[in-house]
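Each remark here refers to the structure printed beneath this line.
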Amino acid sequence: MKTKIIICMGTSGISAGAIEVVKNFKKELSRYKLNAQCQIIRSGDRGLFRDVLVDIVTEQLGRVTYEYIKPKDVALIVRQHIIEGRLVQELRAKDDYAQFFEEQMRIVLSHCGEIDPEDIDAYIANEGYSAIKKVLRMSADEVIGEIKKSGLRGRGGAGFPTGLKWEFTKQAKNDLKYIVCNADEGDPGAFMDRSILEGDPHAVIEGMLIAGFAVGAQAGYVYCRAEYPLALARLKKAILAADRKGFLGKRILKTKFSFDIQIKEGAGAFVCGEETALLASIEGRRGMPVTRPPFPAEQGLWGRPTLINNVETLANVRYIITKGGDWFSSIGFQKSKGTKVFALAGKIKNTGLVEVPMGTTIRKLIFGPGGGMLNKNIGFKAVQIGGPSGGCLPEKLLDTPIDYESITSTGAIMGSGGMVVMDKHTCMVDMARYFLEFTVAESCGKCVSCRVGLKRMLEVLEDITAGKGKPQDLEFLKEMSATIKDTALCGLGNTAPNPVVTTLQYFEDEYEAHIKNKICPSGVCAGLLKFEVLIEKCVKCGLCFGVCPAGAIIWEKQEYAKINLDKCIKCKACINVCPFLAII
Amino acid sequence: MRIELMKVNLTQTKRLIRKYHGKKGILIPLLQDIQSAYGYIPTAAIEIIAQELSIFPVDIYGILTFYAQFYLTPRGKHTIKVCQGTACHVMGGKDILDYLSGKLGINQGETSQDRMFSLERVACLGCCGMAPVVVIDNAFYGRATVEKVKKLLLGYRLKKNK
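Protein sequence lines, in the order shown, are assigned to chains W and G. For the first sequence, the residue numbers in my numbering are 68 to 651. For the second sequence, the residue numbers in my numbering are 10 to 171.
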């Protein structure tokens, strides 16, 4: 057996120096004349951020993972592990690495971090393109039947049943139909689509092919954000390779089915993730949504019936076809089947991509694979789910199972699966302001409630965080949220007030502290900071004394701690380190 | 400088337009090509496109101002993008943007006087695991701190002097 060296080379691996690491491996291998016995695999990212991850698979030692590998470590690994057969203990991944993967169920991500995404043969060797071969022997209705049986729902956010969407598009009468893959992953805090495109682009292509066959489409577009240069490059290569192998183009695998895929690069507009805006953008216009109906399934791209599915949805399709709809629907919970990929980020120990069966509780996700809070001294406050359209959930809702219905009942939405964990040093009013700032900037300006309403809400939130809040502001925010929800034209506008609604619902006391007492209890809002030690909360531990760069803290152990405002440079180092929120 | 730009526009812009001849939905990819050729969209190019495609310049301006990616003014030699996504916001991305803005003496969307750096904020780069993230040209720098960014800037300035 050849020794395998798997190096994670997604955007994060490369930014941490993976290219240098590969170079050094090549150099070292040729130095010891090991090139013939060893195979270097440049895989996508595995989902866990540990700078450069390197796996060595040998017959003798099995599979061993090394983390935080620097180019200078390579010589040691080659000499000690590959040649002498001894583990390099000090570089091995710690226990939390295994813990991260233990509770996951990887279907969509099963290839990410394992195979070389730029090598179509590696994909084929892992049952790749076997689903399309199977599909070409089935009828279109059988394929749609299988997808319907699986219970797969759109992974982009709204959770519309995928099988039904396919059926509607198939039923539309037209000689030309399109498949569009929505890879305009704009939600801040979500990066599963980028990782799938970087780590397993062929799975998305195969999903599009199957969808194309099922609904009777001849061409497909992938609409991908320009902010994802690596994903775009890998996708381009994958399309070329698939074309050369006869999986794309005219008369695929010598059948009557023909299908082509083109890439459309986005130009930086969040609203283009909305399907009608996305279609306008592909057509070369401003990405502004239009009212539905007609739905794209009837009249989409250039007036033709168009099926729009998200990257993760399409990546699931090949597994459903090979393993069957029944297998897929046996995973999951109530009306939400299969697995979902979540992007864990923020103040959490293990940031990265986690794939778990639907129905797993939020708590299990954060404290299982997520490894709990980044700083154990500063406890959990909230988790933000669903990006700018979602909401902030407090600790008491952590046992909510993750499925479309349960999450929606809390006031958040499943969204594309971004989960940003926040600790007690995060101000909820500031978060609401942050999200509105985002949606105001990204509003396309077509409908009044979104264009004007959100702006008015933002102004009020800016006032509150600057200490100029008025008692009637909360009532105004509630009323405006309800109006926008009812009247905005598209999904972006309808859901934009959600961050405000949920923070008001679960953290109203923080709003009141800002408005009535003019303080920011989390020590975030710059306009409200006084740099005062709250005697009733302070335990005189001296942590602040240790971090103050200006020597402005006067502290005596167990006795007193206060700030000399003449020396204070207002850098917030003391506020950020205090586990008791005693400095405001 | 001005005359030189005009010359380039006439030849290269027309060549780029010809590449898309007879295809549908070409305006955005065409503008993207022109931007990667010039670093921004020169006014002269807009007029040429309007003529060649028989559309009004205002339709092109409509696209250019709608999408954040397009620039109507020349850019600095290096573009610094500071991520302001949710994760980066929680991890202190704002402090880094404020630092850069102060250090370079420009607001986001502007270019420094010496034309070395353009500063931009982006919504999310999808690298939340390495938050806060700074991207200079196409190189990603994760877990950024003010100290790290200070060194990076110095590095890019030294490169210039070499």
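All C-beta atoms, glycine included, are put in the ideal place defined by N, C-alpha and C. All values reported here derive from a predicted model rather than from experimental measurement.
Check the DSSP bridge columns for residue i and list the partner residues they point to.
{"i": "GLY171(W)", "result": "Note that residue 171(W) is Gln in the sequence shown here, rather than Gly. Partner(s): none; GLN171(W) has no beta bridge."}
{"i": "MET440(W)", "result": "ILE415(W)"}
{"i": "VAL67(G)", "result": "DSSP output for VAL67(G) lists no bridge partner at all."}
{"i": "GLY129(W)", "result": "THR125(W)"}
{"i": "LYS629(W)", "result": "ILE621(W)"}
{"i": "THR70(W)", "result": "CYS105(W)"}
{"i": "HIS87(G)", "result": "PHE126(G)"}
{"i": "THR259(W)", "result": "In the sequence on display, residue 259(W) carries Met and not Thr. None; MET259(W) has no bridge partner."}
{"i": "LEU420(W)", "result": "ALA410(W)"}
{"i": "ALA404(W)", "result": "Reading off the sequence shown, one finds Lys at residue 404(W), where the question assumed Ala. Beta-bridge pairing links LYS404(W) to GLY399(W)."}
{"i": "LYS331(W)", "result": "TYR290(W)"}
{"i": "LEU115(W)", "result": "GLY419(W)"}
Below 9 Å between beta carbons: does that hold for residue i and residue j?
{"i": "LEU465(W)", "j": "ARG430(W)", "result": "yes"}
{"i": "GLU305(W)", "j": "GLU185(W)", "result": "Residue identity check: residue 305(W) is Ala in the sequence provided, not Glu. Cβ distance < 9 Å, so ALA305(W) and GLU185(W) count as in contact."}
{"i": "ASP540(W)", "j": "VAL527(W)", "result": "yes"}
{"i": "ASP163(W)", "j": "GLY438(W)", "result": "yes"}
{"i": "MET481(W)", "j": "LYS552(W)", "result": "no"}
{"i": "HIS492(W)", "j": "GLY534(W)", "result": "no"}
{"i": "ALA160(W)", "j": "VAL119(W)", "result": "no"}
{"i": "GLY102(G)", "j": "ARG292(W)", "result": "no"}
{"i": "LEU374(W)", "j": "LYS232(W)", "result": "yes"}
{"i": "GLY399(W)", "j": "PRO424(W)", "result": "yes"}
{"i": "THR70(W)", "j": "ILE123(W)", "result": "yes"}
{"i": "TYR290(W)", "j": "ALA225(W)", "result": "no"}
{"i": "THR125(W)", "j": "HIS148(W)", "result": "yes"}
{"i": "LEU219(W)", "j": "THR380(W)", "result": "yes"}
{"i": "MET498(W)", "j": "ALA449(W)", "result": "yes"}
Give me the residue from the options with the minimum Cα distance to residue i.
{"i": "GLU157(W)", "options": "ILE73(W), TYR135(W), LEU264(W), LYS200(W)", "result": "TYR135(W)"}
{"i": "MET139(G)", "options": "ILE263(W), GLY256(W), ALA619(W), ALA508(W)", "result": "GLY256(W)"}
{"i": "TYR190(W)", "options": "GLY111(W), CYS248(W), LYS237(W), GLY230(W)", "result": "GLY111(W)"}
{"i": "ARG124(G)", "options": "VAL131(G), LEU62(G), ILE115(G)", "result": "ILE115(G)"}
{"i": "ALA619(W)", "options": "ASN417(W), LEU610(W), GLU626(W), ASP633(W)", "result": "ASP633(W)"}
{"i": "ILE474(W)", "options": "ARG292(W), SER403(W), PRO538(W)", "result": "SER403(W)"}
{"i": "MET205(W)", "options": "VAL282(W), VAL155(W), GLU546(W)", "result": "VAL282(W)"}
{"i": "TYR327(W)", "options": "ALA284(W), VAL357(W), GLU350(W)", "result": "In the sequence as displayed, the identity of residue 327(W) is Asp instead of Tyr. Residue ALA284(W) is the option with its Cα nearest to ASP327(W)."}
{"i": "TYR150(G)", "options": "ASN561(W), SER82(W), GLN451(W), GLY287(W)", "result": "SER82(W)"}
{"i": "GLN21(G)", "options": "GLN44(G), PHE126(G), GLY34(G), GLY31(G)", "result": "GLN44(G)"}
{"i": "PRO646(W)", "options": "PRO361(W), ASP490(W), GLU151(W)", "result": "ASP490(W)"}
{"i": "GLU181(W)", "options": "THR532(W), GLN106(W), LYS240(W)", "result": "GLN106(W)"}
{"i": "PHE502(W)", "options": "THR550(W), ALA298(W), ILE469(W), THR570(W)", "result": "THR570(W)"}
{"i": "LYS513(W)", "options": "PHE505(W), THR358(W), GLU504(W), VAL496(W)", "result": "THR358(W)"}
{"i": "GLY274(W)", "options": "ARG301(W), LEU307(W), LEU315(W)", "result": "LEU315(W)"}
{"i": "GLY77(W)", "options": "GLU209(W), ASP267(W), SER97(W), TYR196(W)", "result": "ASP267(W)"}
{"i": "THR229(W)", "options": "VAL202(W), GLY212(W), ASN442(W)", "result": "GLY212(W)"}
Might you give, ordered along the chain, the residues of its own chain that have their beta carbon closer than 7 Å to the beta carbon of residue i, omitting 5 neighbours on each side?
{"i": "MET100(G)", "result": "ALA140, PRO141"}
{"i": "SER79(W)", "result": "ASP112, PHE116"}
{"i": "VAL141(W)", "result": "VAL88, ASN91, PHE92, GLU95"}
{"i": "PRO538(W)", "result": "ILE582"}
{"i": "MET10(G)", "result": "Here MET10(G) scores only 40 on pLDDT, less than 50, and its place in the model should not be relied on; the value that follows carries that caveat. Around MET10(G): no qualifying Cβ."}
Once you ignore the five residues that flank residue i on each side, which residues in its own chain have a CB closer than 6 Å to its CB?
{"i": "SER217(W)", "result": "ILE387, GLY392, PHE395, SER396"}
{"i": "PHE167(W)", "result": "LEU115, ASN417, PRO436"}
{"i": "PHE409(W)", "result": "VAL421, GLY484, MET486"}
{"i": "ILE26(G)", "result": "GLU61"}
{"i": "CYS133(G)", "result": "GLY94"}
{"i": "GLY536(W)", "result": "ASP530, HIS581, ILE582"}
{"i": "LEU324(W)", "result": "One detail in the question is off: residue 324(W) reads as Phe in this sequence, not Leu. Within the same chain, PHE324(W) has close Cβ partners PHE280."}
{"i": "ALA308(W)", "result": "ILE187"}
From the beta carbon of residue i, is the nearest beta carbon of chain C less than 9 Å away?
{"i": "GLY151(G)", "result": "Among the protein chains of the structure shown, namely W and G, there is no chain C."}
Return the chain-ordered list of same chain residues with a C-beta closer than 8 Å to the C-beta of residue i, the five sequence neighbours on each side being excluded.
{"i": "GLU129(G)", "result": "THR88, ILE89, LYS90, VAL91, GLN117, GLY118"}
{"i": "TYR165(G)", "result": "HIS87, MET125, PHE126, ILE145"}
{"i": "ILE12(G)", "result": "The predicted position of ILE12(G) is uncertain, since its pLDDT is 41 and thus under 50; no value can be drawn from it."}
{"i": "ILE37(G)", "result": "ILE72, TYR76"}
What do you reckon, is the C-beta of residue i under 8 Å from a heavy atom of the ligand NAP?
{"i": "ALA336(W)", "result": "Because no ligand of any kind appears in the structure shown, any question about the ligand NAP cannot be addressed here."}
Segment contact flag, the stretch 632-644 of chain W with the stretch 597-617 of chain W, C-beta cutoff 8 Å, min 3 pairs: yes
Touching or not, the stretch 349-367 of chain W and the stretch 221-236 of chain W, by the rule of three or more beta carbon pairs under 8 Å? yes
Would you check if there are 3 or more beta carbon pairs closer than 8 Å linking the stretch 505-516 of chain W to the stretch 457-471 of chain W? no
Inter-stretch contact (C-beta, 8 Å, three-pair minimum) for the stretch 321-341 of chain W and the stretch 253-273 of chain W: yes
Does the structure place the stretch 166-173 of chain W close enough to the stretch 243-252 of chain W that three or more beta carbon pairs sit under 8 Å? no
Would you check if there are 3 or more beta carbon pairs closer than 8 Å linking the stretch 51-70 of chain G to the stretch 372-388 of chain W? no
At least three beta-carbon pairs within less than 8 Å, the stretch 602-614 of chain W to the stretch 577-592 of chain W: no
Assess contact between the stretch 260-267 of chain W and the stretch 295-302 of chain W, defined as three or more Cβ pairs (one per stretch) separated by less than 8 Å. Is contact present? yes
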